[in-house]
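Position 29 (the sequence shown) corresponds to 146 in my numbering; numbering is contiguous. By construction, the Cβ of each residue, glycine as well, lies at the ideal position given by its N, Cα and C atoms. Predicted, not measured: the structure shown is a model, and the values here were computed from it. The next block holds one structure in the form of structure tokens; read it before the comments.
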Amino acid sequence: QSYVNLTETGKLALKSFTKDMSGAYMCTLSYTTFRNNVLEEKEKFKAYKFIV
């Protein structure tokens, strides 16, 4: 069973979450940026920590 849903707008939704699943979590996002018509490509990462 999946307890996580990522919406089209980028929202992270937890579902069917129970008390015993509470604690610290981390979500990692990776994305690629392009500049000057793909001449300069960079992959970036961001990490978000949260407690439920």
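Query: T149: first and last residue of the uninterrupted beta strand (DSSP E) it sits in; Result: 141 to 152
Query: Per-residue DSSP class, three states only, for K161; Result: strand
Query: Rounded C-alpha distance that separates V169 from G127; Result: 19 Å
Query: Distance, Y165 Cα to G140 Cα; Result: 14 Å
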